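Residue numbers (this note's numbering): 59 to 370.
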């Protein structure tokens, strides 16, 4: 798969595509169905399939830290899209200039001039252009004039509800990882590189791997039973059981959200490695404790709960 980072990196060779557009946060079953339909249309036309997505996501641009918690970093998203078999991902910087595109300008400049779109596939709630002024009807009308067809992807459901990033996010926030896996088609996980922290866990006798979080807002907070594996060039290594705290650590006046994972029955150096943390069960909410001794007692109880959950 080819990753095109920014509109300025588009070249003449990138024209002629079957295109879909969206955030694709979580790359859930609804997204996967759309990508399968896109690939089928691209194959019928004899052109590459291309996904246009945005960084930051539009809600993050408009709402900042008030935006909903993000399910995936852009790197995890690109890897998930590649696993779905798309040919190209165009990662567009969503800034004030891009926001100001009129709906007609979006079609004329991006879909026609830059991408030479042959087919555009969109979801049932797709809106585009400044102030979300463009809709499916406008896309069809202008597409017919410009020479590309427009497809409409119906809603995908699980149980009695629509599969969406909003529903997946709510399941993750509630600690319902069984439903989250049903909606996404894979366990909910976050990944990041292990960096040096303040060594508080080591001081308390329970060392943790401190993962660098690049998301403005995380979709969950609390203490969880997790499975941790290293992500390397050859794939993902076998998972080890652990306990992870996700949050800002209010007991020690933390501010920035982080993920700290303690691997059960493990000794070793993880600094610099990229880890994948799969969330299996919520143990408790994030809490503020009156002292470090109380915090240590709570962490020890969390670790004991992790041993019981994994029976190790």
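Where a beta carbon is used, it is the ideal one built from N, C-alpha and C, also for glycine. Quantities reported herein were computed from a predicted structural model and do not represent experimental measurements.
Same chain, Cβ closer than 8 Å to residue i, five either side skipped, listed in chain order
i: residue 91; result: 211 and 214
i: residue 67; result: none
i: residue 144; result: 59, 93, 96, 97, 107, 108 and 109
i: residue 195; result: none
Reference residue i; option with closest CA among the options
i: residue 180; options: 228, 96, 115 and 204; result: 96
i: residue 303; options: 222, 354, 191 and 159; result: 354
i: residue 251; options: 342, 287, 153 and 281; result: 287
i: residue 135; options: 265, 223, 84 and 146; result: 84
i: residue 94; options: 139, 80, 169 and 122; result: 139
i: residue 155; options: 346, 141, 119 and 143; result: 119
i: residue 281; options: 122, 145 and 362; result: 362
i: residue 168; options: 111, 130 and 222; result: 111
i: residue 326; options: 358, 209, 265 and 191; result: 265
i: residue 285; options: 100, 99 and 297; result: 297
i: residue 146; options: 128, 79 and 102; result: 79
i: residue 182; options: 221, 305, 99 and 290; result: 221
i: residue 129; options: 357, 343, 336 and 101; result: 336
i: residue 81; options: 315, 186 and 328; result: 186
i: residue 103; options: 76, 88, 184 and 121; result: 76
i: residue 229; options: 184, 339 and 301; result: 339
i: residue 301; options: 328, 89, 357 and 137; result: 357
i: residue 205; options: 235, 299 and 166; result: 166
i: residue 209; options: 99, 341, 345 and 330; result: 99
i: residue 290; options: 234, 137, 218 and 315; result: 137
i: residue 331; options: 158, 254 and 346; result: 254
i: residue 345; options: 305, 101, 234 and 133; result: 305
i: residue 343; options: 219, 231 and 158; result: 231
i: residue 149; options: 333, 62, 158 and 341; result: 62
Buried or exposed (CB count within 10 angstroms, at least 16 for buried), residue i
i: residue 369; result: exposed
i: residue 283; result: buried
i: residue 360; result: buried
i: residue 268; result: buried
i: residue 364; result: buried
i: residue 323; result: exposed
i: residue 123; result: exposed
i: residue 71; result: exposed
i: residue 318; result: buried
i: residue 192; result: buried
i: residue 316; result: buried
i: residue 86; result: buried
i: residue 171; result: exposed
Residue range of the unbroken alpha helix (DSSP H) whose run includes residue i
i: residue 92; result: 87-103
i: residue 359; result: 350-368
i: residue 194; result: 194-204
Cβ-based neighbour list, residue i, same chain, cut-off 7 Å, excluding 5 preceding and 5 following
i: residue 74; result: 105, 174 and 176
i: residue 151; result: 64 and 113
i: residue 227; result: 126, 127, 129 and 277
i: residue 271; result: 250, 315, 316 and 317
Start-to-end residues for the beta strand (DSSP E) that takes in residue i
i: residue 210; result: 207-211
i: residue 78; result: 75-79
i: residue 248; result: 247-253
i: residue 305; result: 298-305
i: residue 283; result: 280-290
i: residue 181; result: 175-181
i: residue 334; result: 332-342
i: residue 141; result: Careful: residue 141 lies outside any beta strand (DSSP E), inside the alpha helix (DSSP H) at 132-141.
i: residue 107; result: 107-113
i: residue 319; result: 316-321
Nonlocal neighbours in the same chain, by C-beta distance under 6 Å from residue i, ignoring five residues either side
i: residue 239; result: 245
i: residue 207; result: 177
i: residue 116; result: 152
i: residue 223; result: 83 and 84
i: residue 88; result: 214 and 221
i: residue 320; result: 264, 266, 300 and 301
Contact test: residue i Cβ vs the ligand COA heavy atom, cutoff 7 Å
i: residue 241; result: Summarising the ligand content, the structure contains no ligands, and the ligand COA is consequently not present.
Three CB pairs or more closer than 8 Å across the segment 159-174 and the segment 194-201: Under the Cβ criterion (8 Å, minimum of three pairs), the segment 159-174 counts as touching the segment 194-201.
Can at least three beta-carbon pairs, one atom from the segment 345-352 and one from the segment 234-244, be found at a separation below 8 Å? No, because fewer than three Cβ pairs between the segment 345-352 and the segment 234-244 fall closer than 8 Å, the two stretches do not touch.
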